[in-house]
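A.B. asks: Below is one structure. I have some questions about it.
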Amino acid sequence: MFPSRRTLLAGAALSLPALRRAAAQAGWMPSRPVRLVVPFTPGGTTDLLGRLAARGMEPSLGVSVVIDNRGGAGGAIGSELVAKSAPDGHTIVLSNIASQAIGPAVSKHIPYDPVRDFTPIGLIAAVPSAIVVAADGPIRTLPDLVARARTGTIKFGSTGIGTSSHVKLELLNRAAGVQILHAPYRGSAPAVTDILSGQIDGLIAAVPDVGRNDRLRMLAVTTPERAVRWPDVPSVREFGFETLVATNWFGLSGPAGMPDAAADTLHDALAKGLSTPEAKERLLDFGAGPNSLSRQDYAALIAADVARWARVAREAGIQAD
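Just so we're aligned: the sequence shown equals residues -26 to -1, 1 to 295 in mature numbering (1 follows the signal peptide of the UniProt record, and there is no 0).
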């Protein structure tokens, strides 16, 4: 006897929850290559960290982790693609402060909710920003910069309106009680060129973008402690600028509704891949130390930063639209 149409429909309605329960009970492994969408172009910090994570995860997963660069709109294009993908564990995104927290804070046109539309998997790295000026210029320390900003005109570049670089400049202004002027650029490279030519005074940018340029002086890093690779550069916390402590975080997320078993497997593969001596050394090159965040910790980090940067953007009047 064949099942009735009503029976088939009822079975279909129950199939997804049942599959998720079965996956949670039996564990989960990918059945085909995992697609890791990096929502920025190749070669930058986001891309390099994505490739580091992908290589580290492959031995545990037993399949390839394929990088798919989908740059554009500050990371929103690639992030939206993953938000709309099937939550089966085979399509994930390199979630990050730009596309998950700052972008939604400064734009009304982000096509996803950074919390509700994703399943946090795990943190790859928390990378510091650095406050930099010309190495041969008159500004030698962060107190020097603040003193000059209080008595004269100081102009800092950023990597663009509404970027992490921009909002951190606003944090510096508020923390120090100054008004450093803002000059937006298309990325850190042209801003560095103008620092060296004397057109602007400085920049706040991710350490991997500026830390190895001998013609720049790092006045401070924005992490709570000094970076291992740059032990002579103080933390902003050492100057009492607690509200300026902020990292550029990068991790992995999947679409909302991903089964816990799939997210747990991906998290464990990421954690194991980043625990090797080679991976730890590479992370130090980015200014990042080891991390032991659980999936829940990473979710809390994202939620807290979404709220934080929304507040900063609102109070500073920053809008990228």
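Where a beta carbon is used, it is the ideal one built from N, C-alpha and C, also for glycine. Computed from a prediction, not measured in an experiment: that's the story for all the values here.
Would you call the CB atoms of Ile292 and Gly52 closer than 8 Å?
C.D. replies: Result no, Cβ atoms of Ile292 and Gly52 do not sit closer than 8 Å.
A.B. asks: Per DSSP, what kind of secondary structure is Asn70 in: helix, strand or coil?
C.D. replies: The answer is strand: DSSP assigns Asn70 an E or B state.
A.B. asks: Count Cβ pairs between the stretch 251 to 266 and the stretch 92 to 106 that sit closer than 8 Å; are there 3 or more?
C.D. replies: Yes: the two stretches touch, three or more of their Cβ pairs being nearer than 8 Å.
A.B. asks: Among Ala243, Val207, Gly228 and Trp204, which one has its Cα closest to the Cα of Met3?
C.D. replies: Nearest C-alpha to Met3: Ala243.
A.B. asks: Under 8 Å, with one C-beta from each stretch per pair, do the stretch 114 to 126 and the stretch 143 to 157 reach the 3-pair mark?
C.D. replies: Segments in contact, yes.
A.B. asks: Trp283 by DSSP, collapsed to three states: which one?
C.D. replies: Of the three classes helix, strand and coil, the one that applies to Trp283 here is helix, per DSSP.
A.B. asks: Could you work out which residue in Glu289, Ile71 and Val195 is closest to Glu212 when comparing CA atoms only?
C.D. replies: Looking at the Cα atoms, Val195 is the closest of the given residues.
A.B. asks: Name the two residues that bound the continuous beta strand (DSSP E) containing Arg90.
C.D. replies: Neither: Arg90 is in no beta strand (DSSP E) and is coded neither H nor E.
A.B. asks: At what residue ranges does the stretch 78 to 149 contain a whole run of the alpha helix (DSSP H), taking only runs of 4 or more?
C.D. replies: Listed in chain order, they are 116 to 125.
A.B. asks: At the level of alpha carbons, what is the spacing between Arg25 and Met31?
C.D. replies: The straight-line gap from Cα to Cα measures roughly 10 Å.
A.B. asks: Using alpha carbons as the reference points, say which of Ser38, Ala109 and Asp42 lies closest to Gly17.
C.D. replies: That would be Asp42, whose Cα lies nearest to the Cα of Gly17.
A.B. asks: Can you tell me the Cβ-Cβ gap for Asp158 and His140, rounded? I've got them flagged as a contact below 8 Å.
C.D. replies: In the sequence as displayed, the identity of residue 158 is Pro instead of Asp. The Cβ separation is near 7 Å, so the contact holds.
A.B. asks: Can you tell me which of Val39, Gly49, Leu35 and Ala27 puts its alpha carbon nearest to the alpha carbon of Pro13?
C.D. replies: Comparing Cα-Cα distances from Pro13 to each of Val39, Gly49, Leu35 and Ala27, the minimum goes to Gly49.
A.B. asks: For Met192, write down the residues that DSSP places opposite it in a beta bridge.
C.D. replies: Partner(s): Val106.
A.B. asks: What separation, rounded to the nearest whole angstrom, lies between the Cα atoms of Ile84 and Arg203?
C.D. replies: If I take the Cα positions, the gap works out to 36 Å.
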